[in-house]
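K.L.:
Note that my numbering has the sequence shown beginning at 6, numbered continuously upward.
Here a beta-carbon is modelled for each residue, glycine too, at the ideal position from N, C-alpha and C.
Fair warning: this is a prediction, and the values are worked out from it, not measured in the lab.
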Amino acid sequence: MAGGQRQQRLNKSCILLIAIAGIERFAFKGVASNLVTYLTDVVNLSNSSAAKMVNSWVGFTSIMPLLVAPIADAYWHKYSTIMVSSFLYFVGLVALTTTALARSWHHRNRTMSSSFLSLSLYLISLGQGGYNPSLQAFGADQLGEEEELPCSKDDKSYNKKTLFFQWWYFGVCSGSLLGVTVMSYIQDTFGWVLGFAIPAISMIMSILIFSGGSPIYLYKQHEVLEAKKPIMNIFQTIKASALRCFHCEITLPNDKSEVLELELQEKPLCPENLESLKDLNDDSRSGMYLLKNVKVMVRLLPIWTMLLMFAVIFQQPATFFTKQGMTMKRNIGADFKIPPATLQSAITLSIILLMPLYDKIFIPIAQVITRQDKGISVMQRMGIGMVLSIIAMVIAALVETRRLEIGRQMRSAGLHSETVPLSIFWLLPQYILLGISDIFTVVGMQEFFYGEVPRTMRTMGIALYTSVFGVGSFVSALLITLVEVYTSSKGIPSWFCDDMVEARLDNYYWLLSWLSAVSLLLYALLCKYYLKKSDSDSEY
Numbered sequence: 006m007a008g009g010q011r012q013q014r015l016n017k018s019c020i021l022l023i024a025i026a027g028i029e030r031f032a033f034k035g036v037a038s039n040l041v042t043y044l045t046d047v048v049n050l051s052n053s054s055a056a057k058m059v060n061s062w063v064g065f066t067s068i069m070p071l072l073v074a075p076i077a078d079a080y081w082h083k084y085s086t087i088m089v090s091s092f093l094y095f096v097g098l099v100a101l102t103t104t105a106l107a108r109s110w111h112h113r114n115r116t117m118s119s120s121f122l123s124l125s126l127y128l129i130s131l132g133q134g135g136y137n138p139s140l141q142a143f144g145a146d147q148l149g150e151e152e153e154l155p156c157s158k159d160d161k162s163y164n165k166k167t168l169f170f171q172w173w174y175f176g177v178c179s180g181s182l183l184g185v186t187v188m189s190y191i192q193d194t195f196g197w198v199l200g201f202a203i204p205a206i207s208m209i210m211s212i213l214i215f216s217g218g219s220p221i222y223l224y225k226q227h228e229v230l231e232a233k234k235p236i237m238n239i240f241q242t243i244k245a246s247a248l249r250c251f252h253c254e255i256t257l258p259n260d261k262s263e264v265l266e267l268e269l270q271e272k273p274l275c276p277e278n279l280e281s282l283k284d285l286n287d288d289s290r291s292g293m294y295l296l297k298n299v300k301v302m303v304r305l306l307p308i309w310t311m312l313l314m315f316a317v318i319f320q321q322p323a324t325f326f327t328k329q330g331m332t333m334k335r336n337i338g339a340d341f342k343i344p345p346a347t348l349q350s351a352i353t354l355s356i357i358l359l360m361p362l363y364d365k366i367f368i369p370i371a372q373v374i375t376r377q378d379k380g381i382s383v384m385q386r387m388g389i390g391m392v393l394s395i396i397a398m399v400i401a402a403l404v405e406t407r408r409l410e411i412g413r414q415m416r417s418a419g420l421h422s423e424t425v426p427l428s429i430f431w432l433l434p435q436y437i438l439l440g441i442s443d444i445f446t447v448v449g450m451q452e453f454f455y456g457e458v459p460r461t462m463r464t465m466g467i468a469l470y471t472s473v474f475g476v477g478s479f480v481s482a483l484l485i486t487l488v489e490v491y492t493s494s495k496g497i498p499s500w501f502c503d504d505m506v507e508a509r510l511d512n513y514y515w516l517l518s519w520l521s522a523v524s525l526l527l528y529a530l531l532c533k534y535y536l537k538k539s540d541s542d543s544e545y
């Protein structure tokens, strides 16, 4: 029993890296959660422009790991990647603080300040592109080589890997909770300079803590060239194929004696390219390895695509949910007003409070029903979260419909205030449901993409997970643009009108609900025919 419990503990290096990930999330959420308010109230952008800018930035931030991870896997150590990218991350946060400071001092030169704002935001994206997937993959590496990829569900290391990803997400959510609640209040109360400076300070602290833990980390040895540099393998395979096509003119012998001589002497068909063909076996092995990797990526692509609408839904709390909350009753007592972005903390708070219940209550019940060791599979876990996210959007549409009805009644009575007498706490159910869906889908996505790629592409696996939210952000921005084009062509007010009484966010929420339902149906069909890595390529 004692030995079994010991297997379920994470080591010191894992715990330290989970804490560092929480600090990074505090810094990022401290900027991202309330950025739409900064853009509308300080930079004076319209609601739709601010939402598209936030979506595009979040999308670029989330998709950057997909671009950086192959290079990091091929040429850099994870430790070095984390150190370099965290420094870029810190420089971007300092630059963002500088833009807020410059805007507060010099109100005239807004163009230069806006350009520098975009530059600082995308510098943060560049730093995070290498930081997040490398840190999480480095954390998973601390489990040890023998625990890296279990062969079956009965393997004890399978449960330990699941435990790591759950606690990793718990740490990330804890940092996000502090970033959303504390930083939103500081930004709304004490100003944006301090509101951006604190995340920069926390980031430099995480760099110091990470470097201080260097002696206790587990560092992996270099692997063979074929396994270490998948990009180089691509070029080597292309080179080998080209040599075979252009330099090997095979002629069939007319005499049987020539056939015999060829077989006995093992005479090369292309003597003029003997050196190139000598390496052909190595190149073909690289090609076989590459082919297996490509098969894995192609197999994952349909599932990855069906998760995009889930990511689109998760762009709403930082954009339209926040603008929605700004028009609702936010008072607690006579003086205190709840910052609308603070409600995003309900997502992370529900994750922190309900995550333990997932293991203690949901999984035992699921084990009894399904008779599986894990209760439900990773793909079933993601599907449940998608269902909950659709329900959250339906509730959001109903609440927004009620808010608009009250707003129109006020306009009819001659009142022109945008703030309606409807408590902001009516938004809580949609936030909480999104938090519960996170427990299922996001944790499942981390485990799924990490476990379904080859060992040498683990950073790429984490990048695939983050890229879902990156591409989903771009899809969200595209949907906003398409809706604006549609409404303008029909000559009707925009669904994202700056006058929140005239806006039709309820229609947009219904649209997202229907699109997500179609995506869920296709996902269920794909899951039925999906062949898991352990079932198809056990030799990885």
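Taking DSSP as the reference, what is the three-state secondary structure of residue 427?
P.N.:
In the structure shown, residue 427 sits in a strand (DSSP, three-state: E or B).
K.L.:
Do residue 446 and residue 315 have their beta-carbon atoms positioned less than 8 Å apart in this structure?
P.N.:
yes
K.L.:
Measuring CB to CB, does residue 90 end up less than 8 Å from residue 135?
P.N.:
yes
K.L.:
Tell whether a beta-carbon distance below 8 Å holds between residue 98 and residue 131.
P.N.:
no
K.L.:
Evaluate the contact criterion for the segment 50-64 versus the segment 465-477: three or more CB pairs, one atom per stretch, below 8 Å.
P.N.:
yes
K.L.:
Rounded to the nearest angstrom, what separates residue 54 and residue 484 at their Cα positions?
P.N.:
13 Å
K.L.:
Excluding the 5 residues flanking residue 426 on each side, which residues of the same chain have their C-beta closer than 6 Å to its C-beta?
P.N.:
334
K.L.:
Just to confirm, is the Cβ distance from residue 322 to residue 352 under 8 Å?
P.N.:
Cβ atoms of residue 322 and residue 352: closer than 8 Å.
K.L.:
Over what stretch of residues does the alpha helix (DSSP H) that includes residue 515 continue unbroken?
P.N.:
510-534
K.L.:
Since residue 369 is in the alpha helix (DSSP H), which residue starts that stretch and which ends it?
P.N.:
368-375
K.L.:
Exposed or buried, which one is residue 139 when buried takes at least 16 other CB atoms within 10 Å?
P.N.:
buried
K.L.:
Roughly how many whole angstroms lie between the Cα atoms of residue 307 and residue 42?
P.N.:
35 Å
K.L.:
Skipping 5 residues on each side, what residues in its chain have a beta carbon closer than 7 Å to that of residue 406?
P.N.:
Cβ contact annotation for residue 406 (same chain, cutoff 7 Å, sequence separation greater than five): 511, in chain order.
K.L.:
Is the Cβ-Cβ distance between residue 5 and residue 463 less than 8 Å?
P.N.:
Limits of the chain in this structure are 6 at one end and 545 at the other, which puts residue 5 out of reach.
K.L.:
Shortest alpha-carbon distance to residue 396 belongs to which of 419, 442, 381, 358?
P.N.:
Of the candidates 419, 442, 381, 358, 442 places its Cα closest to the Cα of residue 396.
K.L.:
With a cut-off of 8 Å, do at least 3 Cβ pairs link the segment 31-45 to the segment 199-212?
P.N.:
yes
K.L.:
Using CA atoms only, rank isn't needed, just tell me which of 410, 39, 327, 71 is closest to residue 187.
P.N.:
39
K.L.:
Only counting the same chain, and skipping five residues up and downstream in sequence, which positions put a Cβ closer than 8 Å to that of residue 216?
P.N.:
88
K.L.:
For the candidate residues 368, 486, 454, 326, whose alpha-carbon lies nearest to that of residue 434?
P.N.:
326
K.L.:
Please look up how many angstroms separate the CB atoms of residue 513 and residue 488, rounded, as I've assumed it's under 8 Å.
P.N.:
6 Å
K.L.:
Can you find the residues in the same chain that come closer than 6 Å, C-beta to C-beta, to residue 498, ignoring five residues on each side of it along the sequence?
P.N.:
507
K.L.:
Could you say which of 421, 17, 526, 490 lies nearest to residue 332 if we only look at CA atoms?
P.N.:
421
K.L.:
Quick one: complete beta strand (DSSP E) runs, 3+ long, within the segment 410-491?
P.N.:
425-428
K.L.:
Label residue 402 either buried or exposed according to how many other C-beta atoms from any shown protein chain fall within 10 Å of its C-beta, with 16 as the threshold for buried.
P.N.:
buried
K.L.:
Would you list the residues sitting across from residue 342 in a DSSP beta bridge?
P.N.:
336
K.L.:
The alpha helix (DSSP H) that contains residue 328, what's its start and end?
P.N.:
325-331
K.L.:
Does DSSP put residue 60 in a helix, in a strand, or in coil?
P.N.:
helix
K.L.:
My output table needs one value for residue 319: the three-state DSSP class, helix, strand or coil.
P.N.:
The three-state secondary structure of residue 319, taken from DSSP, is coil.
K.L.:
Measuring only the C-alpha atoms, how far is residue 126 from residue 133?
P.N.:
11 Å
K.L.:
Nearest CA to the CA of residue 471: which residue from 137, 84, 45?
P.N.:
137
K.L.:
Cα separation between residue 3 and residue 347?
P.N.:
Look at the range of the chain in this structure, 6 to 545, and you will see that residue 3 is not part of it.
K.L.:
Given a cut-off of 8 Å, decide if residue 467 and residue 438 are closer than it, judged by their beta-carbon atoms.
P.N.:
Going by C-beta atoms, residue 438 is not nearer than 8 Å to residue 467.
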